[in-house]
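Everything below concerns the one structure shown next.
Numbering (the UniProt record's numbering), first residue to last: 1 to 402.
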């Protein structure tokens, strides 16, 4: 991992030396804005000379440090050849006011957009997502890196059955072992070692002592993501003793070795089979040193995760049909622009090939229904289900006993 870290440092140094000065319009035709967030925006563009469609990530210099831009670009480039990670074209430059780099154009929705509130998505689709994202995270960790922002919003769907998904957004990624003092991320996915030492400091959270960035942070977030997409709920607001939902889970973790452990399972978790709870117990181990690796979820793929009555309830609620319908309602979509008309779903990757796949609205890195994305450190009010009426926020209406 140290050699990979050195490679990232070398890539950053070389990129800084070769970062050309270029105005976007000199080299690209801008079709439309397809995403906006705290980081800046993403533009759908075509290369003026090659005609290649791309997603151009544009970050204002006023709010972006050069080192942060270089780190995100170089880490993304270093990892982009994995099939479950968004690819890059190797194009990075600066304009008078922005830093920019070009990514593959993924025409698809993120996973958050299709989670049905209080229901989730079908277990079979969840497992396909889990297999691919675990592969992507294993690849990231094998290169001595940590993503640090694993959540449904950063998982892009390319088809209605989750047969192909991609992990996106390396804006918070760091080399393993990096010591951090400022805590960033989305609260429900933050591991307890982050939450319990965090002190609110204005708009940022700062740890009492520097914390080492480790793959176990991604493992925890991955476990929370699995819970969210299976159920349509967050398991808790944040991992602190003051959060009743987290405290119930923590109490269960401390008693799970006992013969009657299944009876002690917190209400929100009773829908899961003992095998699934064993998996969650490993992914969400309170002690980061005892957390399993993300790849260990493969041992549970052949097991049922939801109890039969819960699986039946999902079918009664037409979750499978509703999930597929919600995706297929985007199709067929004709994209009229300087790109021409795409009559079939496509993904444009950095190797200039067109891969068949279901088409969805061109909202790469977008946040539908509301152009304003909430701050990552927004404090959630417990205990809401996922709601599309409040984009990017899983709202809690009131607690329900399952």
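C-beta: ideal position from N, C-alpha, C; glycine also.
Where residue i sits in the DSSP three-state scheme
| i | result |
| --- | --- |
| residue 285 | coil |
| residue 13 | helix |
| residue 172 | coil |
| residue 139 | helix |
| residue 331 | Any reading at residue 331 is ruled out, since the residue's pLDDT is 40, under 50, leaving its predicted position unreliable. |
| residue 115 | coil |
| residue 301 | coil |
| residue 164 | coil |
| residue 78 | helix |
| residue 59 | strand |
| residue 49 | coil |
| residue 121 | coil |
| residue 211 | strand |
| residue 7 | helix |
| residue 149 | coil |
Local Cβ density within 10 Å of residue i, reported as buried at 16 or more and exposed below that
| i | result |
| --- | --- |
| residue 6 | exposed |
| residue 348 | Here residue 348 scores only 45 on pLDDT, less than 50, and its place in the model should not be relied on; the value that follows carries that caveat. Answer is buried; the Cβ neighbour count reaches 16. |
| residue 182 | exposed |
| residue 77 | buried |
| residue 18 | exposed |
| residue 202 | Below a pLDDT of 50, predicted positions are generally treated as unreliable, and residue 202, at 45, falls in that range; the measurement from the model is reported next regardless. Label assigned to residue 202: exposed. |
| residue 21 | exposed |
| residue 238 | buried |
| residue 50 | exposed |
| residue 48 | exposed |
| residue 93 | buried |
| residue 255 | exposed |
| residue 81 | exposed |
| residue 287 | exposed |
| residue 306 | buried |
| residue 134 | buried |
| residue 432 | In the structure as shown, the chain starts at 1 and stops at 402, and residue 432 therefore has no counterpart that could be examined. |
| residue 301 | exposed |
Residue from the options whose Cα sits closest to the Cα of residue i
| i | options | result |
| --- | --- | --- |
| residue 39 | 12, 283, 72 and 50 | 72 |
| residue 265 | 273, 275, 252 and 276 | 252 |
| residue 217 | 169, 146, 91 and 25 | 146 |
| residue 130 | 107, 219, 241 and 29 | 219 |
| residue 230 | 304, 48, 282 and 13 | 304 |
| residue 484 | 122, 14 and 271 | Here the chain comprises residues numbered 1 to 402, so residue 484 is not present and cannot be evaluated. |
| residue 267 | 126, 235, 43 and 28 | 235 |
| residue 242 | 41, 195, 296 and 26 | 195 |
| residue 224 | 294, 177 and 53 | 294 |
| residue 179 | 211, 187 and 163 | 211 |
CB contact below 7 Å: residue i versus chain C
| i | result |
| --- | --- |
| residue 162 | Annotation note: the requested chain C is absent from the structure, which comprises a single protein chain. |
message: Taking 8 Å as the cut-off, does the region 97-111 touch the region 59-67 (at least 3 CB pairs, one atom from each stretch)?
response: The region 59-67 and the region 97-111 touch, with no fewer than 3 CB-CB distances between them shorter than 8 Å.
query: Counting pairs of Cβ atoms below 8 Å between the region 109-116 and the region 154-161, do you hit three or more?
result: yes
field: Segment contact, 8 Å Cβ cut-off, at least three pairs: the region 162-171 with the region 185-194
entry: no
query: If you scan the region 220-285 from start to end, which runs of the beta strand (DSSP E) of 3 or more residues do you find wholly inside it?
result: Within the region 220-285, no run of beta strand (DSSP E) at least 3 residues long lies entirely inside it.
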